[in-house]
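Colleague: Numbering (the UniProt record's numbering), first residue to last: 1 to 331. There's a structure below that I have some questions on.
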């Protein structure tokens, strides 16, 4: 029996098949609980927008310290705190204290608003942006530089930059969430405070890193509107002593249809100066004039790239460059 058992053991082992199947699923009560939670959330409504300071782990001094270190800048603690104080916050605080019965002498808040810092930062932004654009775009007229500068100094751009660097939760103001004008004002105050504590050079680098980089991917001709491109082109050619632009039709397709296309090129002194496509001959000629201006101003393709980073630090703006003459006065 023992001898036969030894022979049967390997045979039995080979005939045994073990199947392991992994099963995953929810407990029976989980779907019902989730449905009930979703139903209650719909009844209550969405979560109200609350300031970050309502949470227990809020520490304003720590947040200011973290904000400065995230950006890699060295503001003075008092200057940084002042940059976030809006005039509306002081007025709201004084009004609240008067409603509580505190006398007018004691209701005044011993805080300084960021008005002066904001004004200084705005002046520095205009100064540096204008010099930077005039240095990097030497062929464009003054009107183009002013249009691009106004775009960068608009509340839309400044508030976008200010919000994305994390100022919304730190601003002391009457409105919540902060309006675009408030966000942009705080950003200018931060630049003014940086100029006060670290000098104008550090403030200029801050403007270059956060404001001028908003031009990446932007078309300058979309920011600067030329009302009369054909007359402007004719005036520039006349000033350069060149022959007037001669339009020529290169090809056309779909005449007398809804999808007609015309390709018009402009020549001066038997040289191509611009070409473009349009739905009509008039539109094609106007777009060709814009293309010619784009080439003259050096705004074609990769010629529009701006120096940032290490290369941008090497841009010398000590001597104001001579701006190109404008021809926008052409009728």
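Glycine is no exception: its CB is placed at the ideal position from the N, C-alpha and C atoms.
1) State the beta-bridge partners of residue 89 as determined by DSSP.
2) Is the beta carbon of residue 187 sitting closer than 7 Å to the one on residue 162?
3) With a threshold of 6 Å (Cβ to nearest heavy atom), would residue 172 be considered close to the ligand NAD?
4) What residues match up with residue 248 in a beta bridge as DSSP calls it?
5) Excluding sequence positions up to five away, which residues of its chain have a Cβ less than 8 Å from the Cβ of residue 86?
6) Below 8 Å on the Cβ atoms is my guess for residue 245 versus residue 266; work out the distance and round it to an integer in Å.
7) From residue 176 to residue 51, what distance separates their C-alpha atoms?
8) CA-CA distance, residue 69 and residue 286?
9) Identify, in the order they occur along the chain, each residue of the same chain with its Cβ nearer than 8 Å to the Cβ of residue 136, setting aside the five sequence neighbours on each side.
10) Among 294, 44, 298, which residue has its Cα nearest to the Cα of residue 229?
11) Would you call the segment 202-217 and the segment 125-141 in contact, with 3 or more CB pairs under 8 Å?
12) Rounding to the nearest angstrom, what Cα-Cα distance links residue 77 and residue 111 in this structure?
13) Which residue's Cα is closest to the Cα of residue 231: 289, 83, 94, 134?
14) Check residue 277 in the structure and name its three-state DSSP category.
15) Tell me the residue span of the alpha helix (DSSP H) that contains residue 52.
16) Among 132, 296, 240, which has the Cα closest to the Cα of residue 311?
17) I'd like the list of long-range same chain contacts for residue 250, defined as Cβ closer than 6 Å, with 5 residues on each side in sequence excluded.
18) At the level of alpha carbons, what is the spacing between residue 273 and residue 64?
19) For the candidate residues 279, 268, 121, whose alpha-carbon lies nearest to that of residue 258?
20) Report the rounded CA-to-CA distance for residue 75 versus residue 60, giving the unit in angstroms.
21) Return helix, strand or coil for residue 212, following the three-state DSSP convention.
22) Do residue 189 and residue 80 come within 7 Å of each other at the CB atom, strictly closer than that value?
23) Using DSSP's beta-bridge definition, name the partner residues of residue 205.
24) When you compare the CB positions of residue 140 and residue 297, do they come within less than 7 Å of one another, or not?
25) Report back the beta-carbon spacing between residue 268 and residue 291 to the nearest angstrom; my notes put them in contact at under 8 Å.
Modeller: For this structure:
1) Locating residue 89 in the chain shown gives position 89, where the first residue counts as 1. DSSP, once it has assigned bridges, lists no residue as partnering residue 89.
2) Residue numbering aside, residue 187 sits at position 187 when the chain shown is read from its first letter. Residue numbering aside, residue 162 sits at position 162 when the chain shown is read from its first letter. Cβ atoms of residue 187 and residue 162: closer than 7 Å.
3) Ligands in the displayed structure: none, and consequently the ligand NAD is not present.
4) Here the question's residue 248 lines up with position 248 in the chain shown. The partner list for residue 248 (beta bridge, DSSP) reads 265.
5) Counted from its first residue, the chain shown places residue 86 at position 86. Once the five neighbours on either side are set aside, the close Cβ partners of residue 86 are 113, 114, 171, 172, 173, 174, 182, 185, 186.
6) By one-based count along the chain shown, residue 245 stands at place 245. By one-based count along the chain shown, residue 266 stands at place 266. Confirmed, about 4 Å.
7) Residue 176 sits at position 176 when you count from the first residue of the chain shown. Residue 51 sits at position 51 when you count from the first residue of the chain shown. Distance between the alpha carbons of residue 176 and residue 51 is about 8 Å.
8) The count along the chain shown starts at 1 and reaches residue 69 at position 69. The count along the chain shown starts at 1 and reaches residue 286 at position 286. Approximately 51 Å, taken between the alpha carbons.
9) Sequence index remark: in the chain shown, residue 136 carries index 136 (1-based). 306, 307, 315.
10) Within the chain shown, numbered from 1, the residue matching residue 229 stands at position 229. Cα-wise, what sits closest to residue 229 is 294.
11) yes
12) For this step, residue 77 is matched to residue 77 along the chain shown. For this step, residue 111 is matched to residue 111 along the chain shown. Their backbone Cα atoms lie some 14 Å apart in a straight line.
13) Numbered from its first residue, the chain shown carries residue 231 at position 231. For the residues 289, 83, 94, 134, the minimum Cα distance to residue 231 belongs to 289.
14) What you label residue 277 is simply residue 277 of the chain shown in a count that begins at 1. Residue 277 falls in the strand class under three-state DSSP.
15) In the chain shown, residue 52 corresponds to position 52, counting from 1. Element bounds for residue 52: n/a, residue is neither H nor E.
16) Reading the chain shown from its first residue, position 311 is the one you call residue 311. Ranking 132, 296, 240 by Cα distance to residue 311 puts 132 first.
17) The residue you call residue 250 lines up with position 250 of the chain shown. Same-chain partners within the cutoff: 263, 265.
18) Position 273 of the chain shown holds residue 273. Position 64 of the chain shown holds residue 64. Rounded to the nearest angstrom, the two C-alpha atoms are 54 Å apart.
19) Working through the chain shown from its first residue, we reach residue 258 at position 258. Ranking the options by Cα distance to residue 258, first place goes to 279.
20) Position 75 of the chain shown, counted from the first residue, corresponds to residue 75. Position 60 of the chain shown, counted from the first residue, corresponds to residue 60. In a straight line, the C-alpha of residue 75 is about 15 Å away from that of residue 60.
21) The count along the chain shown starts at 1 and reaches residue 212 at position 212. Looking at residue 212 - three-state DSSP - the assignment turns out to be helix.
22) By one-based count along the chain shown, residue 80 stands at place 80. By one-based count along the chain shown, residue 189 stands at place 189. Not a contact, by the Cβ cut-off of 7 Å.
23) Here residue 205 refers to the residue found at position 205 of the chain shown. None, per the DSSP bridge assignment.
24) The residue you call residue 140 lines up with position 140 of the chain shown. The residue you call residue 297 lines up with position 297 of the chain shown. Yes, the Cβ-Cβ distance between residue 140 and residue 297 is below 7 Å.
25) The residue labelled residue 268 in the question sits at position 268 within the chain shown. The residue labelled residue 291 in the question sits at position 291 within the chain shown. In fact, because the Cβ distance is near 13 Å, the residues do not count as touching under 8 Å.
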